[in-house]
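Peer 1:
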Ligand SMILES: Cc1cc2nc3c(=O)[nH]c(=O)nc-3n(C[C@H](O)[C@H](O)[C@H](O)COP(=O)(O)OP(=O)(O)OC[C@H]3O[C@@H](n4cnc5c(N)ncnc54)[C@H](O)[C@@H]3O)c2cc1C
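Numbering (this note's numbering), first residue to last: 138 to 462.
1) Whole angstroms is fine: what's the gap from residue 235's alpha carbon to residue 147's?
2) By Cβ distance, which residues of its chain are closer than 8 Å to residue 315, with the 5 residues on each side in sequence left out?
3) So, helix, strand or coil for residue 353, using DSSP?
4) Work out the CA separation of residue 261 and residue 170 for me, nearest whole Å.
5) Is any non-hydrogen atom of ligand 1 found closer than 7 Å to the C-beta of residue 426, if you look at the structure I gave you?
6) According to DSSP, is residue 285 helix, strand or coil?
7) Are residue 412 and residue 427 touching if we call contact CB-CB under 8 Å?
8) Which same chain residues end up closer than 6 Å to residue 419 when comparing Cβ atoms and leaving out the 5 residues on each side of it in sequence?
9) Quick check: the stretch 350-369 against the stretch 392-408, are at least 3 beta-carbon pairs closer than 8 Å?
10) Short of 6 Å in beta carbon distance, which residues of its chain neighbour residue 462, apart from the five on each side in sequence? Order them along the chain.
11) Just to confirm the assignment: which complete alpha helix (DSSP H) runs, minimum length 4, are found wholly within the stretch 225-291?
12) Is residue 150 near ligand 1, judged by its Cβ being under 7 Å from some heavy atom?
13) Tell me whether residue 430, by its Cβ, gets closer than 7 Å to a heavy atom of ligand 1.
14) Residue 438: which of 145, 214, 142, 151 sits nearest, CA to CA?
15) Using the C-alpha atoms, what's the distance from residue 209 back to residue 191?
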């Protein structure tokens with residue numbers, strides 16, 4: 138069977154990828170665009186309220202992704218022919234599968250999912266950054282027995298209990314502020330000298346009576362312990378071995394971008410482990426663009442929307458230059 142073809146394939150359908158699809162469509166509604174990824178599997182869809190989108194009231198993440206999806210549906214029928222043809226309808230198609238391989242065919246790309254294969258003239262990678270799992274002693278053993286990788290998803294299960302949250306940055310700050318609604322006491326075990334989060338969050342954290350923050354706790358000193366379920370965590374503070382008695386441990390550490398599906402492309406990587414791009418979101422591979430945290434962009438919804446939009450515009454311009462047909 139022949140591969141299905143498209144002009145632009147967007148790998149990752151979180152807010153960054155969906156913004157890229159909207160931008161590329163607006164730039165040129167004749168482009169055939171396919172976005173890949175499991176629907177509603179993104180960070181935004183899974184995790185809590187967003188309150189910092191300029192001009193938008195606090196919105197639940199999943200509602201925001203739904204709004205983007207509805208906007209895409211609306212655009213997709215904007216110029217729909219009365220009799221849909223295979224080639225030009227729908228304009229933006231959401232393929233509900235992950236990509237398992239991305240190969241360079243010379244001037245085009247081959248995109249493989251577990252069930253299908255596609256050829257595209259340009260590609261945008263917007264797969265974000267996955268959680269870092271399995272780095273702490275005892276972590277794997279106690280998953281679903283008190284260890285979680287998402288405070289916002291599982292925090293409410295530990296109402297009235299004591300919890301520890303591990304990591305730094307806005308992700309830990311937001312997670313801790315969410316947990317304070319449910320947990321009796323929360324201890325933040327932060328590996329860096331400061332929490333490295335927005336001051337607005339820090340101000341709320343440091344004025345909450347049930348939150349304690351411990352800094353410079355080496356990740357490799359952490360060890361989850363318990364019997365059947367979590368009973369606590371061991372850690373090293375300065376040179377002292379300590380133990381904290383808790384019922385829940387939230388590990389909120391971030392990994393590097395996962396691009397194993399694109400390993401044959403020889404993408405240039407920065408010293409920080411992100412995919413290297415220029416100011417137009419382009420990689421060292423012609424026709425391949427990256428948007429969002431995978432290229433080291435800051436992890437804020439408004440920035441990621443803009444970065445996705447920018448990548449969509451530049452990918453559409455690339456296709457125009459290349460001569461889309
Ligand atoms: C708890 C929490 C709360 C947050 N709250 C806020 C907030 O209030 N304000 C704010 O500004 N920011 C917030 N953020 C940050 C921001 O929401 C996220 O980081 C943002 O959602 C990232 O969007 P993204 O599209 O770049 O990546 P993601 O949301 O991670 O989306 C990437 C998508 O790519 C998919 N994918 C991965 N691999 C493949 C593959 N091989 N094939 C196809 N698809 C693939 C994933 O399934 C996922 O759907 C929060 C983050 C967290 C974790």
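By construction, the Cβ of each residue, glycine as well, lies at the ideal position given by its N, Cα and C atoms.
Peer 2: On the basis of the coordinates in this document:
1) 11 Å
2) 185, 288, 289, 292
3) DSSP places residue 353 in the coil class of the three-state scheme, outside both helix and strand.
4) Distance between residue 170 and residue 261, taken at the CA atoms: about 11 Å.
5) No, Cβ of residue 426 sits at least 7 Å from all heavy atoms of ligand 1.
6) strand
7) Pairing residue 412 with residue 427 gives a Cβ-Cβ distance under 8 Å.
8) Excluding its 5 nearest sequence neighbours in each direction, residue 419 has C-beta neighbours in its own chain below 6 Å: 426, listed in chain order.
9) No, the stretch 392-408 does not touch the stretch 350-369.
10) With a pLDDT of 47 at residue 462, under the threshold of 50, the predicted position of this residue should be treated as unreliable, though the coordinate-derived value follows. Here the set comprises nothing.
11) 288-291
12) Within the cutoff, so yes.
13) yes
14) Ranking the options by Cα distance to residue 438, first place goes to 151.
15) 21 Å
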